[in-house]
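FYI, in UniProt numbering the residues of the sequence shown are 1 to 466.
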Amino acid sequence: MERCHPSEVYELFVRHMNTPRVVVDNGVCETATLVQVHSARKHGVLLEAVAALSDHGVCVRKGYISSDDGRWFMDVFHVTDAAGRKVSDADALLARLESSLSADALPPRTPPSAAAGAAAAGAHTLLELVGADRPGLLSEVFAVLHDLRCGIVDARAWTHGGRVAALVFVRDEETAAPIDDAARVRRVESRLRHVLRGGARGARTVLADAAAVNLDRRLHQLLNEDREAGSRADQADAPTTTAVAVQDWGERGYSVVTVSCRDRPKLLFDVVCTLTDLDYVVYHGTFDTDGDHAQQEFYIRRLDGRPISSAAERRRVIQCLQAAIERRASEPLPSNACAMVFLWQQGVRLELRITDRRGLLAYVTRVFRENSLSVTHAEITTRGDMAMNVFHVTDVAGRPADPKTIDDVIQRIGTESLRVDEERWPRLCSTEGDAGRGGGGGAGIFSLGSLVKKNLVSLGLIRSCS
């Protein structure tokens, strides 16, 4: 019988103790699937769990986060599919969570900038682009890449507050290999910086595996870095319908972040991602949805264990959370619009599914530009020889696109390839509920500890201070 060295036994023991335990149960709740995650306290574990849920396409309806203020966390999520039903593929969801939270996956995902030179299997050249948004910008970017014979494999682009951030995975059109020639890389960056008018920060190139990069998280990071580097006062004073407050609970040494806004897909991910990247740890929290309205509350501390200590830090947290939430906010078209067509604040959603070919994206986005449509959000995916792309478009002034213009674009690109995609995430209550709630930016903020304290006291996880 082979004997293990004591150090190997200890390593296996530590790995076992630190590996989060996941339960996915369809029998506990009548209306939702229950997901429980028990884990050692480690920065980034909560984000990994929430990211896995988002990547699986489930909706988090409610849940809570609790900690013993020591080494252990317990996270509970009530989730449904997009239609509001229990998750039918519970085993697949469990496998995804266990894979994401395994001991080997616990360290935070490496930012793309740290992956430079790491030539791994499946790696592509990643272009990180940041600049001032304007009509037709994405069309110009894709035209430049086509001219430089860069094939686009995957891409994602967001616009917010007059700025644009994009991640574009490219490869050589002829060889399908990563573009790593230094002279060619400099030429690509130079052309793109000219288009983006963003100076040295406008475009940078790294080598990364698309499967290893959380694109949503990286886009949040790019836009937050761009915001702080620019220090634009107009963003700080921009009107908002998202209510975010940060208060102190000095008795316990926490800062309490409360969020009240319209519910939507990936809302919890955007909030947790922002707090994590700002170097805060969530010790306790609750999140709940009432129809299409969401309320969230988190007890947080900095990585050094201290709460938020200044007005400037508090203001930064509020502004970063509001920006992260509103980058993907959505609302319905007026009642006289075409049935089952939804307007996102990013624009009408168009879905393109077509056989991939050289110059496809340059052509499609040129058609958008020639019809005075502006792309505000894009998700580009290539699987084999098929291109599966999603665009959100508005008119050049940022208003809802004319339905006739949309029809003209569909006819030109192809009715079998391009279609208006109805919102896949159902709205669970009528808009009258929102009217009754009030639409002010501060409306709906609830009192300090109102959700967390009530739930955690009842669970016996903390003592009542009353």
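Even for Gly, the Cβ is constructed at its ideal location relative to N, Cα and C.
- [ ] Keeping to the same chain, check which residues put their C-beta closer than 8 Å to that of D226; ignore five residues upstream and five downstream.
- [x] Scanning its chain for C-beta atoms nearer than 8 Å, with the 5 sequence neighbours on each side dropped, one finds around D226 the residues V130, R163, A165 and R201, in chain order.
Task: Limits of the beta strand (DSSP E) - the one that K62 falls within - done: Start and end: C59 to S67.
- [ ] Select from V76, E48, L196 and Q296 the residue whose C-alpha is nearest the C-alpha of P135.
- [x] Residue L196 holds the alpha-carbon nearest to the alpha-carbon of P135 among V76, E48, L196 and Q296.
Task: Three-way DSSP call (helix, strand, coil) for C273 in this model - done: The DSSP-derived three-state label of C273 is helix.
Open item on the list: Mapping the DSSP letters down to three states, classify A401 as helix, strand or coil.
Closed with: Here A401 sits in coil by DSSP.
Open item on the list: What does DSSP give as the partner residue(s) for S190 in the beta ladder?
Closed with: S190 pairs with nothing; no bridge assigned.
Open item on the list: Let me check one thing: in DSSP terms, what residues is V50 bridge-paired to?
Closed with: DSSP lists no beta-bridge partner residue for V50.
- [ ] Indicate the three-state DSSP secondary structure (helix, strand or coil) for A211 in the structure shown.
- [x] A211: helix per DSSP, three-state reduction.
- [ ] Answer yes if the region 45–60 comes into contact with the region 73–87, meaning at least three C-beta pairs across the two stretches below 8 Å, and no otherwise.
- [x] As far as the Cβ criterion goes, the region 73–87 touches the region 45–60, which means the pair count is three or higher.
Open item on the list: Between the alpha carbons of S309 and C273, how many angstroms are there, rounded?
Closed with: Distance between the alpha carbons of S309 and C273 is about 21 Å.
TODO: For P20, collect the residues of the same chain with a Cβ closer than 7 Å to its Cβ; drop the 5 residues on either side in sequence, then sort them by chain order.
DONE: Its chain contains V37, H38, S39, V45 and L101 as the residues whose beta carbon lies nearer than 7 Å to that of P20, once the 5 sequence neighbours on both sides are disregarded; these appear in chain order.
Task: Cα-Cα separation between L148 and A323, rounded to whole angstroms - done: Looking at the two C-alpha atoms, the distance is approximately 34 Å.
TODO: Assuming V60 contacts V87 (C-beta within less than 8 Å), just tell me the rounded distance between them.
DONE: About 11 Å separates the two Cβ atoms, so there is no contact after all.
TODO: Have a look at D263, C261 and R301 and flag the residue whose alpha-carbon is nearest the alpha-carbon of G253.
DONE: Nearest neighbour of G253 by Cα position, chosen from D263, C261 and R301, turns out to be R301.
Open item on the list: Can you find the residues in the same chain that come closer than 8 Å, C-beta to C-beta, to A176, ignoring five residues on each side of it along the sequence?
Closed with: Closer than 8 Å at Cβ, skipping near neighbours: G151.
Open item on the list: Judging by CA-CA distance, which residue of E140, R369 and D288 is the nearest neighbour of S260?
Closed with: The shortest C-alpha separation from S260 is found at D288.
- [ ] Confirm, please, whether the CB-CB distance from V375 to A157 is below 9 Å.
- [x] Yes.
Open item on the list: What does the Cβ neighbour count give for G250, buried or exposed, with the cut at 16 atoms within 10 Å?
Closed with: G250 counts as exposed, since fewer than 16 other beta carbons sit within 10 angstroms of its beta carbon.
- [ ] Rank I325, V22 and R191 by C-alpha distance to the C-alpha of R262 and give the top, closest one.
- [x] It is I325 whose Cα lies nearest to the Cα of R262.
TODO: Assign K404 to buried or exposed, taking buried as 16 or more other Cβ atoms, counted over all protein chains shown, within 10 Å of its Cβ.
DONE: So K404 counts as exposed.
- [ ] Give every residue of the same chain whose Cβ lies closer than 8 Å to the Cβ of H220, excluding the five residues on either side of it in the sequence, and list them in chain order.
- [x] If we look at H220 and ignore the five residues flanking it on each side, its Cβ neighbours are D270, C273, T274, D277, A324 and R327.
Task: Contact set for A312: own chain, Cβ-Cβ below 6 Å, skip 5 residues either direction - done: Annotation for A312: no residue places its beta carbon closer than 6 Å to its own, counting only its chain and skipping 5 residues before and after.
Task: Where D263 sits in the DSSP three-state scheme - done: D263: coil per DSSP, three-state reduction.
Open item on the list: With distance defined between alpha-carbon atoms, name the residue in R306, R217, A123 and H284 nearest to S67.
Closed with: Shortest Cα-Cα distance from S67 to any of R306, R217, A123 and H284 involves H284.
TODO: Tell whether a beta-carbon distance below 9 Å holds between V348 and A401.
DONE: Yes, the pair counts as a contact, with Cβ atoms nearer than the cut-off.
- [ ] Quick one: give me the first and last residue of the alpha helix (DSSP H) that V364 is part of.
- [x] Following the DSSP letters along the chain, one finds V364 inside the alpha helix (DSSP H) bounded by residues L360 to E370.
- [ ] Return the bridge partner residues of Q247 from the DSSP annotation.
- [x] Beta-bridge partners of Q247 (DSSP): V256.
Open item on the list: Buried or exposed for N26, going by 16 or more other Cβ atoms inside 10 Å?
Closed with: So N26 counts as exposed.
- [ ] Tell me Y299's beta-bridge partners as DSSP assigns them.
- [x] According to the DSSP secondary-structure assignment, Y299 is paired through a beta bridge with V256 and H284.
Task: Contacts around A378, its chain only, beta-carbon distance under 6 Å, and the 5 residues preceding and following it disregarded - done: So the qualifying residues of the chain are A157 and F391.
Open item on the list: For the beta strand (DSSP E) containing A165, name the first residue and the last one.
Closed with: Boundaries of the beta strand (DSSP E) harbouring A165: R163 to D172, taken from the DSSP string.
Open item on the list: Please report the distance separating the alpha-carbon of residue 477 from that of N371.
Closed with: Nothing can be reported for residue 477, as the shown portion of the chain is limited to 1 through 466.
TODO: Under 8 Å by Cβ, that's how I've got L207 and T286 pegged, so tell me the actual separation to the nearest angstrom.
DONE: Going by Cβ atoms, the distance from L207 to T286 rounds to 41 Å, so no, they are not a contact pair.
Task: Residue burial classification, A92 (beta-carbon count within 10 angstroms, cutoff 16) - done: Label assigned to A92: exposed.
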